[in-house]
Amino acid sequence: MGSSEFLSKYTLSFLAKVGNIPVVQLKMDPQTLYCPFVAEQGCKVYENRPWACRMFPLDLSSVEAEFRIIAGKERCMGLFERSAGTVADWLKSQGVPEYAQMEREFQSAVPSGFRPGSPMNEGLGRVLFMAYDLDRFAELLKDKRFLMFHEVDGNLLSLAGEDAKELLRLAFRYIRAQMDDLYQLL
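Counting along the sequence shown from 1, when you hit position 75 you're at 68 in our numbering, and nothing is skipped either side.
Following this line, the structure appears as structure tokens:
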């Protein structure tokens, strides 16, 4: 399923009232308020689960590089296990470092003069949303003028066509250029 269809079918997307930062929330089942991808047997998309699910039952604390437990044993069966290990080992086993790397790359797409917590122009927020809808970005890559203007060569285009992570990185590059230009105008 493509990103546009997924976003339309399974998420609520909006610009946050404070800051105009794009927010994408998973729509929960209206009857149970459970994730639509959790079945009796467990997660139906486990290998492709998002960052928040990989982190569970941990969440980031207000102190950088620290975590807090957000669920008890009634919601996380893993807390019954007696194995010992570090938080870093557990995060690695869940594939979190790769997601953390992409988050850093996402953060690099915001304008250099932008400070977290400060409001962002609504138009900038909409440009930043393109990082979520890669189908829309991929459509731009079909325009030869777009490719020439943004200096996307055949090799880069081929990489982006074969690997979703490379497509996302190319989208970040485009967004960063757009944001820098637009941020200077505002």
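For every residue, glycine included, the Cβ atom is placed at its ideal position computed from N, Cα and C.
For the options 153, 150, 88, 145, the alpha carbon positioned closest to that of residue 170 is the one of 145. The beta-carbon distance between residue 125 and residue 143, rounded to whole angstroms, is 19 Å. This is too long to meet the 8 Å contact definition. DSSP lists 31 as the bridge partner or partners of residue 36. Under the 8 Å Cβ criterion, the segment 67 to 80 does not count as touching the segment 28 to 47, having fewer than three qualifying pairs. Of the residues 54, 158, 55, 51, the one whose Cα lies closest to the Cα of residue 96 is 158. When C-beta atoms of the segment 36 to 52 are compared with those of the segment 81 to 97, three or more pairs fall below 8 Å, so the two segments count as touching.
Within a 10 Å sphere around the beta-carbon of residue 14 sit 16 or more other beta-carbons, which makes this residue buried. In the DSSP assignment, residue 89 falls outside any beta strand (DSSP E) and within the unbroken alpha helix (DSSP H) covering 89 to 100.
Residue 6 is bridged by DSSP to 17. Closest option to residue 8, judged by alpha-carbon separation, among 115, 140, 25: 115. A direct Cα-Cα distance of roughly 19 Å separates residue 39 from residue -2. A distance below 8 Å between beta-carbons, with the five flanking residues on each side excluded, links residue 63 to the following residues of its chain, in chain order: 49, 50, 51, 52. The Cβ atoms of residue 99 and residue 165 lie closer than 9 Å to each other. No Cβ-Cβ contact shorter than 9 Å links residue 6 with residue 128.
When beta bridges are read from the DSSP output, residue 61 appears opposite 52.
In the structure shown, residue 114 falls within a coil segment according to DSSP collapsed to helix, strand and coil. For residue 174, the closest of 120, 131, 37 by C-alpha to C-alpha distance is 120. In its chain, beyond the 5 residues on either side, 6, 17, 125, 126 have a beta carbon closer than 8 Å to the beta carbon of residue 0.
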